[in-house]
């Protein structure tokens, strides 16, 4: 689908309205974590990247493994997904899959790199919760 085709299907107003509703700022995510707001956080980067540092409470599910985890996830709890940076579209693809299955999902604006830049002391390191088996993430 080209940009021209998208422009013909939705207006700029519709696009930016959706953009704002489905993006989560680093500040908003940090506040959710700090306030213990119920949220399912999915780090869609590689297990190796996750182990080096991740958002506290995040589970690591790569895009290829996401479909097998859908049934074990709670649709009543919002989801925030993230990947590396602004140029990484893995989180957007994951968010699309989750949205198609009825989840209330947002993508972290700027990805993990922007979060670390804005809040260097915030991300957790080490303690892996890497989901290779759907049972380990429920």
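Residue numbers (our numbering): 52 to 189. Glycine is no exception: its CB is placed at the ideal position from the N, C-alpha and C atoms.
Take residue 79, set aside five residues on each side of it, and no residue of its chain has a beta-carbon closer than 8 Å to its own.
Here residue 60 carries a helix assignment [DSSP, helix/strand/coil]. Contact between residue 91 and residue 125 holds: their C-beta atoms lie close to 7 Å from each other, under 8 Å. Spatial neighbours of residue 114 in its own chain (CB-CB distance under 7 Å, excluding positions within 5 residues in sequence) are listed in chain order as 95, 141, 144 and 145. Of 104, 171, 160 and 174, the smallest CA-CA separation from residue 77 is found for 160. Rounded to whole angstroms, the separation of the alpha carbons of residue 101 and residue 107 is 11 Å. The DSSP-derived three-state label of residue 133 is strand. Under the three-state reduction of DSSP, residue 121 is assigned to helix. Straight across, the Cα-Cα distance linking residue 147 with residue 136 is about 17 Å. Between the beta-carbon of residue 153 and that of residue 139 there is about 24 Å, and that puts the pair past the 8 Å contact cut. By the neighbour-count criterion, in which a residue is buried when 16 or more other Cβ atoms sit within 10 angstroms of its Cβ, residue 132 is buried. Counting only residues of its own chain and dropping the five nearest sequence neighbours on each side, residue 117 has a CB closer than 7 Å to the CB of 145 and 148.
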